[in-house]
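2 protein chains.
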Amino acid sequence: MNGAEALIRTAAACGVEVCFANPGTTEMHLVAALDAAPGVRAVLGLFEGVVTGAADGYARLAGKPALTLLHLGPGFANGIANLHNARRASSPIVNLIGDQATWHLAADAPLTSDIESLARPVSRWVRKSATATALSGDLADAVAAARAGSGGVATLIVPADCAWGDAPGPAKPRPVEPRGAVAGATVDAVAKRLRGGAPAVILLGGDALSRRGQLAAARIAAATKARVLLGTFPSRVERGAGLPPFAKFPYFPEQGVELLAKVGELVLAGEKEPVAFFGYPKLPSRLAPESCHISVLASPDQDATGALEALADALGAKPDDGERAPRAALEPARGALNSETLGRTLAALTPENAVVVDEAATSGAQWFGFAAGAAPHTALSLTGGAIGQGLPNAVGAAIGAPGRRVIAFQADGSSMYTIQSLWTMARENLDVTVVLCANRVYRILKVELARADIQQPGPAARSLTELKPPALDFVSLARGLGVPAERVETAEALAAALAKSFATRGPQLIEALL
Amino acid sequence: MNGAEALIRTAAACGVEVCFANPGTTEMHLVAALDAAPGVRAVLGLFEGVVTGAADGYARLAGKPALTLLHLGPGFANGIANLHNARRASSPIVNLIGDQATWHLAADAPLTSDIESLARPVSRWVRKSATATALSGDLADAVAAARAGSGGVATLIVPADCAWGDAPGPAKPRPVEPRGAVAGATVDAVAKRLRGGAPAVILLGGDALSRRGQLAAARIAAATKARVLLGTFPSRVERGAGLPPFAKFPYFPEQGVELLAKVGELVLAGEKEPVAFFGYPKLPSRLAPESCHISVLASPDQDATGALEALADALGAKPDDGERAPRAALEPARGALNSETLGRTLAALTPENAVVVDEAATSGAQWFGFAAGAAPHTALSLTGGAIGQGLPNAVGAAIGAPGRRVIAFQADGSSMYTIQSLWTMARENLDVTVVLCANRVYRILKVELARADIQQPGPAARSLTELKPPALDFVSLARGLGVPAERVETAEALAAALAKSFATRGPQLIEALL
Chain A
70 MNGAEALIRT AAACGVEVCF ANPGTTEMHL VAALDAAPGV RAVLGLFEGV
120 VTGAADGYAR LAGKPALTLL HLGPGFANGI ANLHNARRAS SPIVNLIGDQ
170 ATWHLAADAP LTSDIESLAR PVSRWVRKSA TATALSGDLA DAVAAARAGS
220 GGVATLIVPA DCAWGDAPGP AKPRPVEPRG AVAGATVDAV AKRLRGGAPA
270 VILLGGDALS RRGQLAAARI AAATKARVLL GTFPSRVERG AGLPPFAKFP
320 YFPEQGVELL AKVGELVLAG EKEPVAFFGY PKLPSRLAPE SCHISVLASP
370 DQDATGALEA LADALGAKPD DGERAPRAAL EPARGALNSE TLGRTLAALT
420 PENAVVVDEA ATSGAQWFGF AAGAAPHTAL SLTGGAIGQG LPNAVGAAIG
470 APGRRVIAFQ ADGSSMYTIQ SLWTMARENL DVTVVLCANR VYRILKVELA
520 RADIQQPGPA ARSLTELKPP ALDFVSLARG LGVPAERVET AEALAAALAK
570 SFATRGPQLI EALL
Chain B
70 MNGAEALIRT AAACGVEVCF ANPGTTEMHL VAALDAAPGV RAVLGLFEGV
120 VTGAADGYAR LAGKPALTLL HLGPGFANGI ANLHNARRAS SPIVNLIGDQ
170 ATWHLAADAP LTSDIESLAR PVSRWVRKSA TATALSGDLA DAVAAARAGS
220 GGVATLIVPA DCAWGDAPGP AKPRPVEPRG AVAGATVDAV AKRLRGGAPA
270 VILLGGDALS RRGQLAAARI AAATKARVLL GTFPSRVERG AGLPPFAKFP
320 YFPEQGVELL AKVGELVLAG EKEPVAFFGY PKLPSRLAPE SCHISVLASP
370 DQDATGALEA LADALGAKPD DGERAPRAAL EPARGALNSE TLGRTLAALT
420 PENAVVVDEA ATSGAQWFGF AAGAAPHTAL SLTGGAIGQG LPNAVGAAIG
470 APGRRVIAFQ ADGSSMYTIQ SLWTMARENL DVTVVLCANR VYRILKVELA
520 RADIQQPGPA ARSLTELKPP ALDFVSLARG LGVPAERVET AEALAAALAK
570 SFATRGPQLI EALL
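Residue numbers (the working numbering), protein chains in the order written: chain A, 70 to 583; chain B, 70 to 583.
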């Protein structure tokens with residue numbers, strides 16, 4: 070057995086089931102090992118950003134790591150943006166990066182580069198294997214690192230000679246460090262502060278976004294009048310009828326400052342303290358006022374669900390306390406497409422148990438509110454701000470949650486960073502409905518130009534923020550990538566197209582012209 | 070004037086004429102400055118790999134740096150693969166990366182990352198500006214660093230507050246360090262060795278690939294019987310009738326070892342010592358035998374053209390000595406498309422003064438030979454092995470060499486890393502003819518599987534090396550991106566499509582089905 074086969078056998082023993090890949094020459098032995106060792110499914114992406122974004126979507130749904138297989142430094146670099154998002158989502162992922170043979174590095178052949186320098190900013194764990202014998206143990210360590218606590222990105226650099234060299238066999242899975250438990254004293258201290266009566270906000274993130282976590286938060290709200298909000302970019306949140314209708318913390322810092330202005334107690338459950346997404350000349354980084362006390366009930370690496378349940382109990386809330394959204398009598402909208410009609414129509418028709426991957430940006434602004442009363446579903450969002458996450462996340466979500474309809478709710482500008490994802494949807498015949506919101510402009514940048522006091526953008530600023538001419542034709546693009554597609558220009562047509570797609574296996578793209 | 074405007078005015082004063090951009094919020098003041106300060110043209114790419122690859126193609130043709138404008142770490146990361154190629158091509162490029170405001174970094178907002186760690190592997194110079202006042206001087210230093218010697222990649226990280234803060238005004242251009250001159254003693258020593266009569270090979274790269282450099286090399290060959298070869302991946306080489314018909318050093322290491330087996334003297338002119346592109350179990354890194362003496366006539370950072378001319382003179386060659394390719398009576402081929410008929414037809418019809426960007430991989434293998442007798446043209450190749458260079462290089466070449474027809478000779482697999490380039494071709498109405506070679510397989514990986522003794526690839530290996538199902542439909546893809554397109558399946562149809570495109574302004578894609 071060579072090192073590559075020992076590695077793949079170890080991965081399978083560690084519970085890894087999928088390898089998203091875009092390999093090159095230095096990965097050929099690992100590719101062959103996917104055939105030699107059973108149990109790990111190979112999924113090709115035509116671009117590395119598809120591969121890493123799919124691994125992220127898979128991890129969020131399946132709750133376990135996928136492998137990625139990437140080609141040296143430049144191939145890995147193409148996957149960094151979505152690994153940045155995965156890192157912010159605490160998604161467990163194990164990257165395998167083929168490298169030049171150990172003895173060939175000194176030759177500085179054309180594809181040679183400093184892979185570790187590229188890997189560190191997006192990885193909680195980086196290692197370069199030294200021998201074929203060590204490789205399978207390195208992989209076992211990588212999986213354990215990826216799964217520890219809330220999860221994260223582990224990167225293993227595999228020199229080609231470690232893959233092709235002889236190895237004694239697979240390594241044993243390592244024990245995985247679970248999320249840290251929250252001390253009872255911490256729960257008691259937060260309970261005491263909430264009983265103090267200061268206007269309070271509880272912010273949920275990570276583990277607290279589970280169904281159980283949210284129901285516990287709703288009980289706390291009922292017992293204390295604290296307001297519960299989801300973090301601005303929840304990695305994975307359960308939503309819809311039967312769950313509390315929590316809103317998200319707002320995006321723009323002015324809104325965050327206003328929301329917190331009179332709040333005396335901010336409780337963080339699996340979420341970090343709210344900060345501005347970007348700095349602006351006259352606005353702060355930290356959005357809570359100096360007068361606001363901040364309690365960390367659970368850090369992102371802790372068991373926030375358990376802590377919220379303990380807190381609800383400590384506050385005397387009954388198991389059924391707390392608001393839960395009723396199933397809203399939502400009707401699909403009529404007329405022209407805009408954020409309101411788009412959001413209402415999508416929420417009205419979302420099938421039960423669907424997964425909605427939200428990278429609709431400004432076009433999607435109103436959907437989240439409508440979705441509170443939709444059929445129960447899971448929502449993923451753009452955790453790290455690196456656009457181009459949505460379509461690949463949908464690929465991975467569909468593979469990680471077979472049998473569930475995945476809806477990629479997608480802005481046009483963002484879609485073009487990883488549009489190759491559509492091809493993998495077609496190849497794997499994934500049940501993904503892409504709602505491509507075509508407003509033909511980087512709308513958020515238009516907003517940001519105005520915020521930067523550029524009221525009359527000149528030709529360069531217009532050119533760099535507008536997506537036409539020429540107008541992108543997503544129906545042709547989808548067909549070119551093997552995905553059936555149609556264009557809709559009204560809410561009625563959108564509703565019909567959605568209904569048709571939800572009733573049909575396999576992928577479909579709906580270009581919604583705003 | 071703010072820092073951003075001072076920066077752009079400085080760039081214009083330094084001779085920068087184009088900014089390839091894919092900006093985000095942190096770059097909005099730089100975007101506005103492109104309107105406030107005249108002289109720098111803004112060109113939008115829908116993906117950062119298009120931006121950096123275009124800057125590389127521009128630099129290779131225009132011989133001066135373009136700016137790129139990229140959005141924080143993840144946006145920059147999307148551009149790394151083509152910066153890797155640009156670094157290997159010694160292309161002068163100045164990257165501007167917007168970053169969080171200096172005072173906002175500590176907040177670790179979602180898009181924050183370690184940009185310097187990402188930038189170093191592809192940059193010869195990296196700096197992060199500290200103040201708005203320093204910004205324009207930093208840019209002047211960056212341009213000088215990019216232009217020094219043979220040229221390279223300089224990366225300037227621009228915190229948002231340095232862009233929006235008040236600045237005193239633009240900085241003065243810095244003096245640029247030219248290529249180093251080669252000492253007369255070095256020339257004399259090489260002349261002496263070549264006169265020694267050992268079988269000799271002269272390898273040309275970088276600056277030696279100019280028309281003058283090649284003509285001097287041909288004179289040397291005539292005077293000494295030395296064999297002249299181009300490096301395997303010339304960044305930019307003048308070729309065709311009237312120039313010497315030099316071949317390229319072969320790609321696979323076995324071939325390189327064989328070629329050099331009996332060579333006693335290897336002269337490097339602007340090129341590095343030949344090494345294997347990848348390491349293989351029983352093959353060496355360095356391809357020249359121990360018995361071969363290696364003379365460095367000119368390092369990649371030196372004036373190789375001048376050194377070759379001095380060497381030709383020292384060897385007593387006359388100005389007109391040396392073989393020059395006659396204009397070959399090439400006829401377009403007939404019948405099915407393959408590497409031979411494709412290469413012959415393209416070479417036969419290439420218009421005088423065209424630029425051919427070669428990323429046709431295995432499909433293009435025979436073209437280079439035919440092109441030796443084609444109309445004089447400039448050829449660019451994949452210098453760093455990071456696929457996805459061809460289409461963006463063609464964008465940049467067309468902007469850097471207006472009035473010249475650019476031919477993107479492109480493999481299908483590689484095209485999908487930066488297919489968004491087509492949209493910029495359409496928006497800027499660039500005279501680019503894309504010959505998209507569709508063999509629907511990663512052919513080189515099939516070859517590499519066989520080289521790795523995997524004779525019967527299993528389902529995973531086949532899945533990861535084949536581009537269908539579904540077959541990519543490049544005619545639809547091109548139309549979706551605004552570029553007219555047609556599909557051809559014979560050499561006759563290819564010839565007709567090429568002739569039509571060469572006679573028509575603007576871009577055209579020809580999907581050549583192999």
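Glycine is no exception: its CB is placed at the ideal position from the N, C-alpha and C atoms.
Quick caveat: nothing in here was measured; it's all calculated off a predicted structure.
- Restricted to the segment 95 to 144 of chain A, the beta strand (DSSP E) segments that are unbroken, complete and at least 3 residues in length are 110 to 113 and 135 to 140, listed in chain order.
- When C-beta distances to chain B are compared with 9 Å, the residues of the segment 77 to 110 of chain A below that value are CYS88, ALA90, ASN91, PRO92, GLY93, THR94, THR95, GLU96, MET97, HIS98, VAL100, ALA101, ALA102, LEU103, ASP104, ALA105, VAL109 and ARG110, in chain order.
- With a threshold of 8 Å between beta carbons, ASN147(B) makes contact with chain A.
- With a 10 Å radius around the Cβ and a threshold of 16 neighbouring Cβ atoms, GLY148(A) comes out buried.
- Contact between the segment 176 to 193 of chain A and the segment 245 to 254 of chain A is not established, with fewer than three Cβ pairs separated by less than 8 Å.
- Taking all protein chains in view, the Cβ of ASP125(B) is crowded by 16 or more other Cβ atoms within 10 Å, so the residue is classified as buried.
- In the DSSP assignment, ALA287(A) falls within the alpha helix (DSSP H) that extends over 280 to 293.
- Legend: CB atoms of the segment 183 to 200 of chain B lying less than 7 Å from CB atoms of chain A belong to residues ASP183, SER186, LEU187, ARG189 and PRO190.
- A direct Cα-to-Cα measurement between LEU138(B) and LEU165(B) gives close to 5 Å.
- Listed by position along chain A, the residues whose Cβ is nearer than 9 Å to that of ALA345(B) are HIS173, ALA176 and ALA178.
- ALA229, ASP230 and TRP233: these are the residues of the segment 216 to 240 of chain A whose beta carbon lies less than 8 Å from some beta carbon of chain B, given in chain order.
- Close to LEU578(B), with beta-carbon spacing below 9 Å, lies no residue of chain A; the smallest spacing is near 11 Å.
- The beta carbons of CYS88(B) and VAL119(B) sit no closer together than 8 Å.
- With a threshold of 8 Å between beta carbons, TYR127(B) makes no contact with chain A.
- With its beta carbon less than 8 Å from one in chain B, SER532(A) belongs to the interface.
- GLY482, MET485, TYR486, THR487, ILE488, GLN489 and TRP492: these are the residues of the segment 475 to 492 of chain A whose beta carbon lies less than 9 Å from some beta carbon of chain B, given in chain order.
- With contacts defined as CB atoms closer than 8 Å, ALA287(B) and ARG393(B) qualify as a contacting pair.
- Among the residues of the segment 535 to 567 of chain A, those with a Cβ less than 9 Å away from any Cβ of chain B are GLU535, LEU536, LYS537, PRO538, PRO539, ALA540, LEU541, ASP542, PHE543, VAL544, SER545, LEU546, ALA547, ARG548, GLY549, LEU550, GLY551 and VAL552, in the order of the chain.
- Against chain B, the CB of HIS153(A) has a partner CB under 8 Å away; the residue lies at that interface.
- Using beta-carbon distances, ARG355(B) counts as an interface residue toward chain A, with a partner under 8 Å.
- Close to chain B, meaning a Cβ-Cβ distance shorter than 9 Å, are the following residues of the segment 448 to 468 of chain A: LEU451, THR452, GLY453, GLY454, ALA455, ILE456 and GLY457.
- For GLY527(A), a Cβ of chain B is located within less than 8 Å of the residue's own Cβ.
- Restricted to the segment 222 to 277 of chain B, the beta strand (DSSP E) segments that are unbroken, complete and at least 3 residues in length are 222 to 228 and 269 to 273, listed in chain order.
- Listed in chain order, the non-local C-beta contacts of VAL256(A) below 8 Å within the same chain comprise LEU366, ALA376, ALA379, LEU380 and ALA383, local neighbours out to five positions each way being set aside.
- For ILE476(A), no alpha helix (DSSP H) encloses it; the enclosing beta strand (DSSP E) starts and ends at 475 to 480.
- Counting only the Cα atoms, SER408(B) lies some 38 Å from LEU225(A).
- Under DSSP, LEU449(A) takes part in a beta bridge, and its partners are VAL426(A).
- Put simply, of ALA106(A), VAL336(A), THR374(A) and THR181(A) the residue whose alpha carbon is nearest the alpha carbon of PRO528(B) is ALA106(A).
- Burial is judged here by how many other beta carbons sit within 10 angstroms of a residue's own beta carbon; ASP235(A) has fewer than 16 and is exposed.
- Per the C-alpha coordinates, the member of GLY84(B), ALA519(B), ARG520(B) and LEU505(B) positioned closest to ALA581(B) is LEU505(B).
- Taking ALA267(B) as the centre and dropping the five residues before and after it, the same chain places the C-beta of GLY333 and GLU334 closer than 6 Å to its C-beta, in chain order.
- For HIS153(A), the enclosing alpha helix (DSSP H) begins and ends at 149 to 158.
- Taking 8 Å as the cut-off, the beta carbon of ALA495(A) is found closer than this to the beta carbon of PRO539(B).
- For ASN462(B), the secondary structure class from DSSP, reduced to helix, strand or coil, is helix.
- Using a Cβ-Cβ cut-off of 8 Å, PRO350(B) counts as an interface residue toward chain A, since at least one Cβ of chain A sits closer than that to its own.
- Listed by position along chain B, the residues whose Cβ is nearer than 9 Å to that of GLY142(A) are ILE149, ALA150, HIS153, PRO190, VAL191 and ALA455.
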